[in-house]
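Residue numbers (full-length UniProt numbering): 1 to 94.
What follows is a set of notes on a single structure, which appears directly below.
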């Protein structure tokens, strides 16, 4: 939970990052998120209840998700972002 609850609006994760750990950004105030092509897996609830999150840029390849709660509670996500997330193999709720 290294960034859980942070109060920044935009996050661009660094290229070379392979895993986003469980709960890493839970309940943070981020609005936009950029996940690099190097990411291969995302842990349980990594972005859970990020209620201000509207825009996510994802890699075009499949990602391993630990469970279906990674983006749970992210109710403001745009349709475009939801599609981009689904295209990486995410089957959970928003």
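Glycine is no exception: its CB is placed at the ideal position from the N, C-alpha and C atoms.
Start-to-end residues for the alpha helix (DSSP H) that takes in residue i
i	result
residue 81	79 to 87
Test item: CB-CB of residue i and residue j under 8 Å
i	j	result
residue 66	residue 85	no
residue 32	residue 45	no
residue 81	residue 50	no
residue 75	residue 47	no
residue 95	residue 30	Nothing about residue 95 can be reported from this structure: the residues present for the chain run from 1 to 94 only.
Expected contact under 8 Å - CB spacing of residue i and residue j to nearest Å
i	j	result
residue 39	residue 21	Not really, about 11 Å apart at Cβ, beyond 8 Å.
residue 63	residue 23	That belief does not hold up - the Cβ atoms of residue 63 and residue 23 are roughly 17 Å apart, past 8 Å.
Residue i burial status per 10 Å Cβ neighbour count (16 or more: buried)
i	result
residue 53	buried
residue 70	buried
residue 91	exposed
residue 12	exposed
residue 79	exposed
residue 56	buried
Residue i - partner residues in DSSP beta bridges
i	result
residue 33	11, 56
residue 42	20, 65
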